[in-house]
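The sequence shown lines up with residues 0 to 388 when you count with numbering that gives the first Met the number 0.
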Amino acid sequence: MLKTISGFDRIGEENAFAVLARATELAGQGRDIINLGIGQPDFRTPEHIVEAAIKALQDGHHGYTPATGIAPLREAVSADLLKRHGVETDPGNVLIVPGGKVTMFMAILMFGEPGAEILYPDPGFPIYRSMIEFTGARPVPVPIREENDFAFSAEETLSLITDKTRLLILNSPANPTGGVTPRSEIEALVKGLENHPDVAVMSDEIYSQMTYDGMEHVSLLGFESIRDRLILLDGWSKTYAMTGWRMGFAVWPDSLADKARKLAVNAWSCVNAPAQFAGLAALTGPQTAVRDMVAEFDARRRAIVDGLNALSGISCRTPLGAFYAFPNIKDTGWKAKELASALLEETGVATIGGPDFGILGEGYIRLSYANSTENIISALDRIGAFLDQ
């Protein structure tokens with residue numbers, strides 16, 4: 000019997016991929032499936048980005064790059080952050096990584112161990128808790144409540160910090176809820192964190208360019224008092240419809256940057272070269288496709304919220320960011336995961352049950368509106384007919 004470390008007995012997974020696999024299987028059997036489960040844009044990567052990758056291949060960029068990423072790309076990331084957030088960052092602190100999960104893994108690995116506590120949003124991206132448990136640290140959920148429009152509460156978050164807290168994970172705009180935390184709460188949190196100088200912060204801002212109704216995205220990079228312990232997570236996957244390219248970046252504080260570089264050397268050597276040139280074209284090229292995609296998501300957001308609120312037993316807050324709705328289904332009488340499974344098997348509509356995003360997710364399901372308005376309306380009609388039978 001092979002014996003692995005105990006962490007592998009605790010590690011979880013992301014059920015959205017299991018739902019995707021089942022939806023694909025049903026579609027292969029001839030079923031008409033509408034997938035509102037998977038969290039990826041349904042748009043093509045803009046053509047000038049694809050062409051940049053092709054050119055890189057044709058120009059012979061087939062070898063290793065520096066583990067931290069090619070210098071022009073790290074410089075472009077710094078320039079982009081300055082343009083969007085008004086904050087200067089040293090390109091030497093930028094690490095190009097194969098997707099957003101890598102930064103989560105690295106940050107949690109650095110601070111997680113038995114006896115430590117790591118705070119994470121709940122409901123939240125499931126990999127947070129999975130990786131915390133893998134390290135043996137104690138996961139401490141920060142409640143993300145519907146009554147707060149799914150924004151975190153600074154007061155409640157700060158109340159959960161103890162002398163064992165090593166890392167605080169934040170996510171706004173948020174998956175799975177679509178919540179966006181307002182500036183007032185972020186400022187209150189940062190002020191309170193000044194009393195906890197030994198707590199590191201990882202801010203997952205992968206949806207930073209997807210906000211609606213004039214809602215401001217407030218980057219944690221803008222707060223000097225925590226810059227020496229802040230890890231920023233962002234990337235290309237959502238903004239530029241590049242989920243399959245596996246392109247992300249992180250900004251690390253001086254004290255952790257070289258540790259992150261060493262992990263990169265040991266784990267993946269470098270991100271593949273042509274994808275890095277594509278990422279460079281994304282940041283430095285036209286942004287029209289980004290604006291058009293967000294505008295289309297906005298229209299779909301309105302359609303899905305209106306449709307959900309018209310269904311029996313369902314109520315839905317209007318999400319202010321990302322591309323997810325997180326309706327309350329408690330009055331339907333269904334448990335969330337059972338409803339999500341029934342909707343897929345009986346109606347062909349793929350959704351994700353709220354408990355897949357945390358212990359506080361019961362009573363909710365997640366729907367991604369990264370699908371056409373026509374399909375969204377059809378899916379809502381199917382859900383309504385199912386609930387009314």
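Beta carbons: idealized from backbone N, C-alpha and C, even for Gly.
Alpha helix (DSSP H) segment containing residue i, residue limits
i	result
A75	70-84
D253	253-266
P273	272-283
Y127	125-134
D8	6-9
V200	Note, V200: premise wrong, no alpha helix (DSSP H); beta strand (DSSP E) at 199-203.
S340	335-341
R165	No alpha helix (DSSP H) contains R165, which is instead part of the beta strand (DSSP E) from 164-170.
V101	100-110
Beta strand (DSSP E) segment containing residue i, residue limits
i	result
V293	Counting along the chain, V293 falls outside any beta strand (DSSP E), though it belongs to the alpha helix (DSSP H) covering 287-308.
D233	229-234
A249	247-250
D121	116-121
I95	93-96
Proximity below 8 Å, CB of residue i to CB of residue j
i	j	result
G123	G357	yes
I160	F151	no
L220	L319	no
N439	W251	Nothing in the structure corresponds to residue 439, since the chain is present only between 0 and 388.
A199	R245	no
D115	K190	Per the sequence presented here, residue 115 reads as Ala, with Asp not at that position. Contact: no.
I313	A335	no
R165	E215	no
S218	V18	no
D203	L232	yes
I303	A324	yes
A280	A51	yes
G178	F149	yes
A294	P172	no
Spatial neighbours of residue i in its chain, beta-carbon cut-off 6 Å, leaving aside the 5 residues before and after
i	result
A55	P273, F276
L25	I32
L366	L35, A324, T350
Nonlocal neighbours in the same chain, by C-beta distance under 8 Å from residue i, ignoring five residues either side
i	result
S340	G352
T64	C269, V270, A272, Q275
P71	L279
Residues that residue i bridges to, as DSSP identifies them
i	result
D41	Looking at the DSSP assignment, D41 forms no beta bridge with any residue, so it has no partner.
Beta-carbon separation (whole angstroms), residue i vs residue j, contact threshold 8 Å
i	j	result
Q39	T242	4 Å
L342	F385	7 Å
T102	G11	Not really, about 18 Å apart at Cβ, beyond 8 Å.
I185	L118	No, I185 and L118 are not in contact; Cβ-Cβ is about 15 Å, not under 8 Å.
Heavy atom of the ligand SAH within 7 Å of residue i beta-carbon
i	result
I225	Of ligands this structure carries none, so the ligand SAH is not represented either.
Other residues of its chain near residue i: CB distance less than 7 Å, five sequence neighbours each side excluded
i	result
D121	P140, V141, P142, I143, G357, I358, L359
N426	No information on residue 426 is available, as it lies outside the stretch 0 to 388 that the chain covers here.
A75	L279, L282, T283
R9	E132, F133
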